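Number of protein chains: 2
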Amino acid sequence: MKNAEKIKSSALRKSGYHHGDLRAGLIEATRQLVEEKGPDGFSVTDACRLAGVSTAAPYKHFKDKSEMIVAMAMQGMERHRDMMLASLEGIAVGTPGRITALGRQYIDFALNEPGVFRLNFGGFTDCLDDPALVAAGEGTFAIVLGEVAACLGESQVTEEVRRRGFMLWGFVHGLSFLMADPKHVRLGGEFDLDHILDDLAVRMLAN
Amino acid sequence: MKNAEKIKSSALRKSGYHHGDLRAGLIEATRQLVEEKGPDGFSVTDACRLAGVSTAAPYKHFKDKSEMIVAMAMQGMERHRDMMLASLEGIAVGTPGRITALGRQYIDFALNEPGVFRLNFGGFTDCLDDPALVAAGEGTFAIVLGEVAACLGESQVTEEVRRRGFMLWGFVHGLSFLMADPKHVRLGGEFDLDHILDDLAVRMLAN
DNA sequence: ACTTTAAGTTAGGAGCTCTCACTTTGACAA
DNA sequence: TTGTCAAAGTGAGAGCTCCTAACTTAAAGT
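Keeping their order, the protein sequence lines are chains L and Z.
Heads up: the first sequence is residues 1 to 207, going by the numbering used here.
Heads up: the second sequence is residues 1 to 207, going by the numbering used here.
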């Protein structure tokens with residue numbers, strides 16, 4: 001029983017009348033479609049087709065389209081944070097290497113999941129207002145602030161730490177947008193991202 | 001005759017059966033609505049209501065919704081470029097002040113017209129593909145590259161100039177996104193944008 | 001086994017994009 | 001000045017979307 005349920009849960013499409021875990025199935029369908037067609041271009045109808053249910057089914061699990069997108073975006077934020085945390089593994093605390101690792105992972109996420117990244121940060125009105133999403137973003141930024149503080153030899157997040165962290169975030173954030181778009185990234189010519197990030201960390205943490 | 005026509009041209013709404021300059025009227029309506037409701041949330045139907053014409057009228061002037069948005073975005077790119085160029089007025093060539101002026105103006109545009117800014121750079125699939133829009137973006141970036149070259153004492157756009165210019169662009173671009181969003185900007189704490197930009201120019205143009 | 005209820009369904013309203021066939025009217029030539 | 005034509009409007013409607021309402025299925029607990 002429990003086993004059969006688990007197998008069902010992981011499936012995108014349903015088998016019988018009931019899906020097993022339609023909520024998760026729709027979130028996964030949403031993720032796939034947002035990557036495929038972009039944050040605009042996504043439709044609930046498409047997600048229903050992909051999950052193999054009728055177009056009315058989602059409304060048993062989500063209030064509306066926006067809530068469905070927010071649920072997917074939230075999982076994206078968590079992946080984003082977890083990957084950033086994982087990238088710190090084995091790098092000495094207080095060294096610039098930790099800053100560049102975070103930046104690198106931030107940008108890698110934007111490159112690997114451009115649809116989700118743009119959805120989360122590109123200014124889609126619906127998602128901007130969700131408090132859980134905002135809180136998740138703040139949590140991730142807090143990680144950055146902690147690392148900046150350590151690099152600057154501060155034990156607390158001072159105003160200067162916050163200022164530097166915000167500048168670093170802005171930089172990496174902007175690079176993510178530029179690099180996730182082929183029409184923009186080629187304007188940068190031939191460059192090595194790791195080199196740029198190292199250069200950045202040196203310049204921004206100096207003094 | 002010519003005068004009456006000009007008066008009509010500047011009007012958003014039509015007076016008689018014919019509008020006078022519906023194309024321009026729709027572009028202006030589109031701009032207003034994109035600011036009001038965000039790039040998503042915009043509908044051709046709304047623009048028609050605002051311009052006072054039937055919902056079939058736009059298709060005499062634009063192939064589809066996308067082309068209408070692109071036309072509006074194009075004017076936004078031109079405003080963006082013109083304002084950046086104007087901001088250089090009276091600042092000595094080859095000084096970092098010209099870089100900070102460009103950056104400041106870039107961000108100001110994002111703050112003054114967040115809807116248009118996000119539409120142009122937030123990764124809306126339809127617009128990304130338009131070659132005229134891409135070319136306009138490249139033209140604006142070329143201005144930045146020229147200033148960076150002058151600051152670094154180069155007479156040409158070398159690979160290093162391009163790299164630094166791209167980094168500066170990335171930074172200002174990211175800050176624009178963060179500052180245009182109240183939920184992000186407050187994470188930066190209390191800070192003075194001019195001070196940050198000066199700091200940035202010093203750090204990024206050093207060496 | 002029976003009941004309850006969560007989770008599906010079909011049907012349909014309202015709004016959107018866009019097309020088609022039609023109407024209006026300004027511009028230009030005779 | 002008048003007649004014609006083409007540009008620029010119109011209403012009607014097809015096909016899509018999101019979402020609701022009322023109905024049906026079947027899973028879970030007593």
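Even glycine gets a Cβ: it sits at the ideal position worked out from N, Cα and C.
Since the model is a prediction, treat every value here as computed from it, not as a measurement.
Subject >> Any 3 or more C-beta pairs closer than 8 angstroms across the region 149 to 163 of chain L and the region 110 to 130 of chain L >> reply: Flag = no, the region 149 to 163 of chain L and the region 110 to 130 of chain L do not touch.
Original post:
Can you list, in chain order, the residues of its chain whose CB lies under 6 angstroms from that of Z:GLY137, leaving out five sequence neighbours each side?
Top reply: none
Original post:
In chain L, which residues lie with their C-beta within 7 angstroms of the C-beta of Z:ARG162?
Top reply: The contact set of Z:ARG162 on chain L, defined by CB atoms closer than 7 angstroms, consists of GLY188, GLY189 in chain order.
Original post:
When Cβ atoms are compared, which residues of the region 109 to 122 of chain Z fall closer than 8 angstroms to chain L?
Top reply: PRO114, ARG118, PHE121, GLY122
Original post:
Would Z:SER87 pass as a contact of Z:ALA71 if the rule is Cβ separation under 8 angstroms?
Top reply: no
**OP:** Provide the residue span of the alpha helix (DSSP H) that contains L:LYS183, from first to last.
**Re:** 182 to 185
Original post:
If you measure from the beta carbon of Z:HIS173 to each beta carbon in chain L, is any gap under 8 angstroms?
Top reply: yes
**OP:** Could you spell out where the alpha helix (DSSP H) holding Z:HIS166 opens and where it closes?
**Re:** It is Phe, not His, that sits at residue 166 of chain Z in the sequence shown. Looking at the DSSP string, the run of the alpha helix (DSSP H) that includes Z:PHE166 is 159 to 179.
Original post:
Does DSSP put Z:ARG13 in a helix, a strand or coil?
Top reply: Z:ARG13 falls in the coil class under three-state DSSP.
**OP:** Would you please verify whether the beta carbon of Z:ASP40 is less than 8 angstroms from any beta carbon of chain L?
**Re:** It does; some Cβ of chain L falls within 8 angstroms.
Subject >> Residues that Z:ARG81 contacts on chain L, provided the C-beta gap is smaller than 7 angstroms >> reply: Per Cβ cutoff of 7 angstroms: no residues; Z:ARG81 is ~15 angstroms from chain L at best.
**OP:** Below 6 angstroms CB to CB, which residues in the same chain sit around L:ILE7 once its five sequence neighbours on both sides are set aside?
**Re:** A caution first: L:ILE7 carries a pLDDT of 35, below 50, which makes its placement in the model too unreliable to give a value.
Original post:
Nearest chain L C-beta to Z:ARG203 closer than 8 angstroms, yes or no?
Top reply: Put simply, the CB of Z:ARG203 is near chain L, with a gap under 8 angstroms to one of its CB atoms.
**OP:** Select from Z:LYS37, Z:CYS151, Z:LEU187 the residue whose C-alpha is nearest the C-alpha of Z:ALA92.
**Re:** Comparing alpha carbon positions, the residue from Z:LYS37, Z:CYS151, Z:LEU187 closest to Z:ALA92 is Z:CYS151.
**OP:** Could you tell me whether any Cβ in chain Z is nearer than 8 angstroms to the Cβ of L:PHE141?
**Re:** yes
Subject >> Residue interval of the alpha helix (DSSP H) (run including Z:ASN120) >> reply: 114 to 121
Original post:
Does any C-beta atom of chain Z lie closer than 8 angstroms to the C-beta of L:MET167?
Top reply: yes
**OP:** In the DSSP assignment, find the unbroken alpha helix (DSSP H) run with L:ILE91 in it and report its ends.
**Re:** Annotation for L:ILE91: no alpha helix (DSSP H) segment contains it, and DSSP assigns it neither H nor E.
Original post:
Is there a Cβ from chain L that is less than 8 angstroms from the Cβ of Z:PHE62?
Top reply: no
**OP:** Taking the CB atoms as reference points, tell me whether Z:ALA201 and Z:LEU111 lie closer together than 8 angstroms.
**Re:** no
Original post:
Quick one: any contact between the region 187 to 199 of chain L and the region 181 to 190 of chain Z, if contact means 3 or more CB pairs under 8 angstroms?
Top reply: no
Original post:
Are the C-beta of Z:THR30 and some C-beta of chain L separated by less than 8 angstroms?
Top reply: no
**OP:** State yes or no: is the beta carbon of Z:ILE7 nearer than 8 angstroms to at least one beta carbon in chain L?
**Re:** Low confidence applies to Z:ILE7: its pLDDT is 34, below 50, so where it sits in the model is not reliable, and the reading given next is rough at best. Not an interface residue.
**OP:** Please state whether DSSP places Z:THR55 in a helix, a strand or coil.
**Re:** coil
Original post:
When the Cα atoms are used, what is the spatial distance from L:ILE27 to L:ASN207?
Top reply: So the alpha carbons of these two residues sit roughly 46 angstroms apart.
Subject >> Cβ neighbour criterion (16 or more within 10 Å) applied to Z:ALA73 >> reply: buried
Original post:
Given Z:LYS65, which residues of its chain have a CB within under 7 angstroms of its CB, disregarding the five upstream and five downstream residues?
Top reply: VAL44
Original post:
Near L:PHE171, what residues of its chain come up, given a Cβ to Cβ distance below 7 angstroms and the 5 sequence neighbours on each side ignored?
Top reply: Excluding sequence positions up to five before and after L:PHE171, its CB lies within less than 7 angstroms of the CB of LEU200, all in the same chain and listed in chain order.
Original post:
Is Z:ALA201 helix, strand or coil when you go by DSSP?
Top reply: helix
**OP:** In the DSSP assignment, find the alpha helix (DSSP H) that holds Z:ALA142 and state where it starts and stops.
**Re:** 131 to 151
Original post:
chain Z beta carbons: is any one of them nearer than 8 angstroms to that of L:GLY170?
Top reply: yes
Original post:
For Z:GLY94, which of Z:TYR106, Z:GLY153, Z:GLY139, Z:MET77 has the nearest alpha-carbon?
Top reply: Z:GLY153
Original post:
What's the C-alpha gap between Z:VAL116 and Z:PRO39?
Top reply: 7 angstroms
Subject >> Start and end residues, alpha helix (DSSP H) containing Z:GLU36 >> reply: Start and end: 22 to 37.
Original post:
What is the DSSP secondary structure of Z:GLU5, counted as helix, strand or coil?
Top reply: Since pLDDT at Z:GLU5 reaches only 35, below the 50 mark, its modelled position is unreliable, and the value read off the structure follows with that caveat. Three-state result, Z:GLU5: helix.
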